[in-house]
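Okay, structure first, notes after.
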Amino acid sequence: MYRFLLPTAILFGLLSTPLAAADMEALKGEGKRVIQQFGGALKKELENAMKSGGPQKAIPVCNVEAPEIAAKVSGREGWSVARSSHRLRNPKNAPDDFTRNAIEEFLAREAKGETADKLVKAAIVEEDGKTVFRIVKAIPTADLCLSCHGSDEVKPEVEGLLSKYYPEDQARGFRIGQMRGVFTLSKAVE
């Protein structure tokens, strides 16, 4: 019986040690660094597209290049890197249970006054029989985002292009600073 209790106790932190806490902090730091790499690379591509052709050039970046950037960072860093949201633009980015729970928690915290740029959730969980470190970080809406994710800022020609790429688009009506989605990462741990 105890051989089952010990792994469960460790998994749920009942027998946590300073080393385990240090490992968790190291994983959080590594996860945040990977998020910065992915987010920074994506933002750079979006800014370049906006400068060279406005939202009409930026929409294909999110549609085509963002998954490619995520795949490159994932392969290079050994993490699964993705984006998701409570108001999806691309149904391929639907949240898994952990991410959905984090999003719901973030929305509640945001409603109580926390700013989106501070919303992060990290945990060690069991997934498909493996121990996995998960980290989810909110993506705040920036000024750059409003051309495609805002309300009145979204022009008719942009709406038409969004409808072409994303016929089920729900990712509009955001304000600056509001959480419009999340970065969601995972990494198997031993």
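With this note's numbering, letter number 162 in the sequence shown gets 497, and the count goes up by one each step, no holes. Even glycine gets a Cβ: it sits at the ideal position worked out from N, Cα and C. Note that the coordinates shown come from a computational prediction; the quantities given were computed from them, not determined experimentally.
Report all residues from its chain with a CB closer than 6 Å to the CB of F339; omit the five preceding and five following residues, and keep chain order.
With a pLDDT of only 38 at F339, under 50, the local geometry of the prediction cannot be trusted, and no value is derived from it.
Just grab the DSSP bridge partners of G495 for me.
G495 is not bridged to any residue.
Grab me the residues of A473's own chain with a C-beta within less than 6 Å of its C-beta, minus the 5 sequence neighbours each way, in chain order.
F441, A451, L454, M514 and V517
Backbone secondary structure at L423 - three-state DSSP
coil
Three Cβ pairs or more, each shorter than 8 Å: is that satisfied between the stretch 483 to 493 and the stretch 404 to 416?
no
Alpha helix (DSSP H) segment containing F433, residue limits:
D432 to A446
Since K456 is in the beta strand (DSSP E), which residue starts that stretch and which ends it?
V455 to E462
Pairing CB atoms from the stretch 355 to 374 with CB atoms from the stretch 384 to 397, are three or more of them under 8 Å?
no
When you compare the stretch 494 to 514 with the stretch 417 to 437, are there three or more beta-carbon pairs, one atom per stretch, that lie closer than 8 Å?
yes
Decide if R418 is buried, meaning its Cβ has at least 16 other Cβ atoms within 10 Å, or exposed.
buried
Take every Cβ of the stretch 474 to 481, pair it with every Cβ of the stretch 491 to 500, and state whether three or more of those distances are shorter than 8 Å.
no
Cβ of G366 within 8 Å of Cβ of A457?
yes
Where P475 sits in the DSSP three-state scheme:
strand
Using CA atoms only, rank isn't needed, just tell me which of D504, F433 and P402 is closest to I299.
No answer is possible for residue 299: it lies beyond the span of the chain, which begins at 336 and ends at 525.
Exposure of P502, with buried meaning 16 or more beta-carbon neighbours within 10 Å:
exposed
Measuring only between beta-carbons, confirm whether C483 sits less than 8 Å from chain B.
The displayed structure is made up of one protein chain only, and chain B is not part of it.
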